[in-house]
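>
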Amino acid sequence: MKKKIASAPYILWMALFTVIPLVLVIVFAFTNENKEFTVEAFTKMGQFIPSLIKSLKLALISTVICFVLAYPFSYIMSRSAEHVQRRMMMLIMLPMWMSFLLRTYSWMTLLEKNGLINRFFGLFGLGPFQMINTEGAVVVGMVYNFLPFMILPLYTVMLKIDKSVIEAAQDLGSNSFNVIRKVILPLSLPGIISGITMVFVPSVGTFMISRMLGGNENMLIGDLIEKQFFGNMYNPYLGSAVSLLLMVIILITMGIINLFDDEEMEGMMI
Amino acid sequence: MKKMSKLVSLALCGCMVLGLFAGCDSDKVTINVCNWGEYMSTSGAGDIDVIQKFEEKYPNIKVNYTTIPSNEELYAKIKSGGAAYDVAIPSDYMIGRLIDEGMLEKLDFANIPNFANVMDDFKGDKVEFDPTNEYSVPYAWGTVGIIYNSKMVDDPVDSWDILWNEKYKDQILMFNNSRDAFGIAEKKLGYSQNTTSEEELRACMEELKKQKPVVQSYVMDEIFNKMEGGSAALAPYYAGDAITMAENNPDLKFAIPKEGTNRFIDSMVVFKGTKHKKEAELFINFMCETEIGLANSEVTGYSTPLKNVYDALDDDVKNNKIAYPDQSVLEKCESFKNLPTETNKLMDELWMEIITDNN
Numbered sequence: 001m002k003k004k005i006a007s008a009p010y011i012l013w014m015a016l017f018t019v020i021p022l023v024l025v026i027v028f029a030f031t032n033e034n035k036e037f038t039v040e041a042f043t044k045m046g047q048f049i050p051s052l053i054k055s056l057k058l059a060l061i062s063t064v065i066c067f068v069l070a071y072p073f074s075y076i077m078s079r080s081a082e083h084v085q086r087r088m089m090m091l092i093m094l095p096m097w098m099s100f101l102l103r104t105y106s107w108m109t110l111l112e113k114n115g116l117i118n119r120f121f122g123l124f125g126l127g128p129f130q131m132i133n134t135e136g137a138v139v140v141g142m143v144y145n146f147l148p149f150m151i152l153p154l155y156t157v158m159l160k161i162d163k164s165v166i167e168a169a170q171d172l173g174s175n176s177f178n179v180i181r182k183v184i185l186p187l188s189l190p191g192i193i194s195g196i197t198m199v200f201v202p203s204v205g206t207f208m209i210s211r212m213l214g215g216n217e218n219m220l221i222g223d224l225i226e227k228q229f230f231g232n233m234y235n236p237y238l239g240s241a242v243s244l245l246l247m248v249i250i251l252i253t254m255g256i257i258n259l260f261d262d263e264e265m266e267g268m269m270i
Numbered sequence: 001m002k003k004m005s006k007l008v009s010l011a012l013c014g015c016m017v018l019g020l021f022a023g024c025d026s027d028k029v030t031i032n033v034c035n036w037g038e039y040m041s042t043s044g045a046g047d048i049d050v051i052q053k054f055e056e057k058y059p060n061i062k063v064n065y066t067t068i069p070s071n072e073e074l075y076a077k078i079k080s081g082g083a084a085y086d087v088a089i090p091s092d093y094m095i096g097r098l099i100d101e102g103m104l105e106k107l108d109f110a111n112i113p114n115f116a117n118v119m120d121d122f123k124g125d126k127v128e129f130d131p132t133n134e135y136s137v138p139y140a141w142g143t144v145g146i147i148y149n150s151k152m153v154d155d156p157v158d159s160w161d162i163l164w165n166e167k168y169k170d171q172i173l174m175f176n177n178s179r180d181a182f183g184i185a186e187k188k189l190g191y192s193q194n195t196t197s198e199e200e201l202r203a204c205m206e207e208l209k210k211q212k213p214v215v216q217s218y219v220m221d222e223i224f225n226k227m228e229g230g231s232a233a234l235a236p237y238y239a240g241d242a243i244t245m246a247e248n249n250p251d252l253k254f255a256i257p258k259e260g261t262n263r264f265i266d267s268m269v270v271f272k273g274t275k276h277k278k279e280a281e282l283f284i285n286f287m288c289e290t291e292i293g294l295a296n297s298e299v300t301g302y303s304t305p306l307k308n309v310y311d312a313l314d315d316d317v318k319n320n321k322i323a324y325p326d327q328s329v330l331e332k333c334e335s336f337k338n339l340p341t342e343t344n345k346l347m348d349e350l351w352m353e354i355i356t357d358n359n
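Chains Z and L supply the protein sequences, listed in that same order. Residue 1 is where the first sequence starts when you use the working numbering, and the numbers rise one by one after that. Residue 1 is where the second sequence starts when you use the working numbering, and the numbers rise one by one after that.
(1) Between GLU166/L and chain Z, is the shortest Cβ-Cβ distance under 8 Å, so that the two count as touching?
(2) Just the Cα atoms here: how many angstroms apart are TYR10/Z and LYS3/Z?
(3) Straight-line CA distance for MET205/L to SER178/L?
(4) For LYS169/L, count neighbouring C-beta atoms within 10 Å of its own C-beta (all shown protein chains included) and say buried if the count is 16 or more, exposed if not.
(5) Does the structure place the region 134-150 of chain L close enough to the region 252-271 of chain L that three or more beta carbon pairs sit under 8 Å?
(6) Using CA atoms only, rank isn't needed, just tell me which of SER150/L, ALA295/L, TRP160/L is closest to ASP228/L.
(7) Could you confirm whether any beta carbon from chain Z is found closer than 8 Å to the beta carbon of MET364/L?
(8) Between ILE250/Z and the rest of its own chain, which residues show a CB-CB distance below 7 Å, the 5 nearest in sequence each way excluded?
(9) Taking GLN85/Z as the query, report the chain L residues whose CB atoms sit under 8 Å from its CB, ordered along the chain.
(10) Which residue from SER240/Z, GLU217/Z, THR253/Z, ASN258/Z puts its Cα closest to that of LEU22/Z?
(11) Within 10 Å of its beta-carbon, does LEU208/L have 16 or more other beta-carbons around it, so buried, or fewer, so exposed?
(12) Since I believe SER231/L is in contact with GLU112/Z (beta carbons under 8 Å), could you give me their beta-carbon distance rounded to a whole number of angstroms?
(13) Tell me whether PHE120/Z, by its Cβ, gets closer than 7 Å to a heavy atom of the ligand GTP.
(14) Counting Cβ pairs, one atom from each stretch, are 3 or more of them under 8 Å apart for the region 274-283 of chain L and the region 27-41 of chain L?
(15) Any C-beta of chain Z sitting closer than 8 Å to the C-beta of ILE89/L?
(16) Mind checking if PHE129/L is an interface residue toward chain Z, Cβ cutoff 8 Å exclusive?
(17) Measure the C-alpha to C-alpha separation of SER328/L and ILE256/L and round it to an integer number of angstroms.
(18) Using 10 angstroms around the beta-carbon of VAL39/Z, count the other beta-carbons present and answer buried if the total reaches 16, otherwise exposed.
(19) Indicate the three-state DSSP secondary structure (helix, strand or coil) for THR30/L in the structure shown.
(20) Using a C-beta to C-beta distance shorter than 7 Å, which residues of chain L count as neighbours of GLN47/Z?
(21) What does VAL215/L reach in chain Z if we use C-beta pairs closer than 8 Å?
(22) I'd like to know whether the C-beta of ALA76/L is nearer than 8 Å to at least one C-beta of chain Z.
(23) Can you tell me the Cα-Cα spacing of MET98/Z and ASN145/Z, whole angstroms?
(24) Which residue spans inside the region 85-167 of chain L form an unbroken beta strand (DSSP E) run of at least 3?
(25) Do PHE271/L and GLU105/L count as a contact pair if the criterion is CB distance below 8 Å?
(26) Please classify PHE13/Z as buried or exposed, where buried requires at least 16 neighbouring CB atoms within 10 angstroms.
(27) Whose C-beta lies closer than 8 Å to the C-beta of MET119/L among residues of the same chain, with five residues either side of it excluded?
(28) Using 8 Å as the threshold, is the C-beta distance between GLN47/Z and THR356/L below it?
(29) Under 8 Å, Cβ to Cβ, is there at least one residue of chain Z near CYS15/L?
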């Protein structure tokens, strides 16, 4: 009974800010201006597919890059002396004290044709390089903004890996590769899954990053959804339908990742 | 007009939330005023704070000032019931839509004697969206033209055609909203900016698709950064902002194309259901005072529709052809009207087709 009372505020919170909005999205997706049931919005989605594919592609690339950068870093960090860990943590968190928007703006200034990076190369007679308004720029923006969300769960999980487990593996004759593959990797799996989720999901739906850094060729699905709500025509019906499609795709993707990990777990155990 | 200083608006949103908790004086009336970012003289060195002045003059009224990036966002907020504003300053076509949908309150001009200062050009049927002058009081106006960097562009800039010129590939910026972007294509092809013909709109879409390969990026307020920093050579934008940008980069010039362009008016309106209509009208009236209008016009760079304010301007501002173009130029201008829902919908669908087009 006590448990129920204690969880009430959270349930209320979830209902107000997660469940009800979700229901509204579904309702809007299947209605039109005259409040009639219709699947009209879903028939108009063909033109969104290329942007959707592009969003998934860029989000996937960003997630992979984040993982490759974050995994060794988290391990090194978790094995450092405590005061070093604290300082590293500080450096990771520091940029997050600033507005996300502001940080993306500064990337715009850096990558511009007359931006700081090109001006620096210009000193040596190089360039200017085309950096802004490319897919690469969007990926850089995503990796920069979402990297901490990969590091934090990985670091937390790795902190809990007992040093003696690794030592035991080494005593039993495992080389470094096998220690990583058979001990560290399986033990850090929960962190990997939450890290991937926390980077991939916001990357797929992002819109400000692609708008500021992507130029005219890199409209992502998030940009198009935003336009349905704040464009010339207020069309929450189509916007909700596309959002719903996006949510379903993300759910399926996450399901596949979890499935893959479960299998791997079992494989490891055997 | 839609200077979308999102950062500023975000900061102000934060302040507003804090304000909710702070100011709860019982006998004070609070009016909620919503405006574009950097579109009123509210702070900054040497500028007078018009809100503070208003509160000094009417000590029983407190102004809760917020900013919003675009007409569309304002409309979405009001329509979804997410916000209650008493006064806002939307643009012409949006006022038309708000009137059509019965979302505005008729003003009591006994409380707004300063309306007499409004120039004839901004009264009566000159104001297509509110021809009977019942709902709105003009705040500022301007034109859309081409801002260009005179060091990077060596052709004469006198026609919209230059925004399609291959020579400036990847140096051209374009509006990131359907109405303004179509407005340019419509003028280029010689159509009305208020056309409802599907055939003409489709022709505009083809024109904008043709333009896409030379466009660097579709932007709104990122334009400040890009034009001032020399990252782009040509961009269509609002006259008032052109003046602001030219102050920061003297190479930037402004031209109104010979095919004509859009003249926009942003007017103050009161929303239906307000509890403080009189106070809202007092605020509108106060904004038309000479000293206040002058401060606003100087800070924003936008042109004033008020005779008293215009007369008080410095001569070099009065003669600035960007802010106050000749009558012959204005005659070729058009103002946006509210389009029928069907047309708006079509335009947005076509716009989606343009921005998702990958050829």
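Glycine included, each C-beta is placed from N, C-alpha and C at the ideal position. Quantities reported herein were computed from a predicted structural model and do not represent experimental measurements.
Inspection of the coordinates gives the following:
(1) As a first step, residue 166/L must be located in the second sequence, where it is residue number 166. With 8 Å as the cut-off, GLU166/L does not count as an interface residue toward chain Z.
(2) As a first step, residue 10/Z must be located in the first sequence, where it is residue number 10. As a first step, residue 3/Z must be located in the first sequence, where it is residue number 3. If you take the alpha carbons of TYR10/Z and LYS3/Z, they lie about 12 Å apart.
(3) As a working note, residue 205/L is residue 205 in the second sequence. As a working note, residue 178/L is residue 178 in the second sequence. So the two alpha carbons sit approximately 10 Å from each other.
(4) Reading the second sequence from its first residue, position 169 is the one you call residue 169/L. So LYS169/L ends up on the exposed side.
(5) yes
(6) As a first step, residue 228/L is located in the second sequence; it is residue number 228 there, counting from the start. It should be noted that the sequence gives Glu, not Asp, for residue 228/L. Of the listed residues, the one whose Cα sits closest to GLU228/L is SER150/L.
(7) Any property of residue 364/L remains undetermined from this structure, which presents chain L solely from 1 to 359.
(8) Locating residue 250/Z in the first sequence gives position 250, counting from the first residue. For ILE250/Z, where only same-chain residues beyond five positions count, the Cβ hits under 7 Å are VAL201, VAL204.
(9) Taking the first residue of the first sequence as 1, we reach residue 85/Z at position 85. Those within 8 Å of GLN85/Z in chain L number zero; the least Cβ separation is about 32 Å.
(10) Here the question's residue 22/Z lines up with position 22 in the first sequence. Ranking SER240/Z, GLU217/Z, THR253/Z, ASN258/Z by Cα distance to LEU22/Z puts SER240/Z first.
(11) Taking the first residue of the second sequence as position 1, residue 208/L is located at position 208. Buried.
(12) By one-based count along the first sequence, residue 112/Z stands at place 112. By one-based count along the second sequence, residue 231/L stands at place 231. Yes, they are in contact, since the Cβ atoms of GLU112/Z and SER231/L sit about 4 Å apart, within 8 Å.
(13) Looking for the ligand GTP in the displayed structure turns up nothing, as the structure carries no ligands at all.
(14) yes
(15) The count along the second sequence starts at 1 and reaches residue 89/L at position 89. Taking Cβ atoms only, chain Z never reaches closer than 8 Å to ILE89/L, which makes this a no.
(16) As a first step, residue 129/L must be located in the second sequence, where it is residue number 129. PHE129/L does not count as touching chain Z.
(17) By one-based count along the second sequence, residue 328/L stands at place 328. By one-based count along the second sequence, residue 256/L stands at place 256. If I take the Cα positions, the gap works out to 12 Å.
(18) Taking the first residue of the first sequence as position 1, residue 39/Z is located at position 39. Exposed.
(19) As a first step, residue 30/L must be located in the second sequence, where it is residue number 30. Strand, per DSSP.
(20) For the purposes of this step, residue 47/Z is identified with residue 47 of the first sequence, where counting begins at 1. Within chain L, the residues near GLN47/Z are MET352, GLU353, THR356.
(21) Numbered from its first residue, the second sequence carries residue 215/L at position 215. Here the neighbours are ASN216.
(22) Numbered from 1 along the second sequence, position 76 holds the residue referred to as residue 76/L. Chain Z contact via Cβ: present.
(23) Position 98 of the first sequence, counting from 1, holds the residue named residue 98/Z. Position 145 of the first sequence, counting from 1, holds the residue named residue 145/Z. Using only the alpha carbons, I get a separation of about 11 Å.
(24) 137-149
(25) Here residue 105/L corresponds to residue number 105 of the second sequence, with the count starting at 1. Here residue 271/L corresponds to residue number 271 of the second sequence, with the count starting at 1. Cβ distance < 8 Å, so GLU105/L and PHE271/L count as in contact.
(26) For the purposes of this step, residue 13/Z is identified with residue 13 of the first sequence, where counting begins at 1. Residue identity differs from the one stated: residue 13/Z is Trp in this sequence, not Phe. Exposed.
(27) Start at 1 with the first residue of the second sequence, and residue 119/L comes out as number 119. Cβ neighbours of MET119/L beyond the five flanking positions: PRO305, LEU306, LYS307, TYR310.
(28) What you label residue 47/Z is simply residue 47 of the first sequence in a count that begins at 1. What you label residue 356/L is simply residue 356 of the second sequence in a count that begins at 1. Their beta carbons are under 8 Å apart, which means GLN47/Z touches THR356/L by this criterion.
(29) Locating residue 15/L in the second sequence gives position 15, where the first residue counts as 1. Here the model assigns CYS15/L a pLDDT of 49, short of 50, so the residue's position is not dependable, and the following value carries that caveat. No, its Cβ sits nowhere closer than 8 Å to a Cβ of chain Z.
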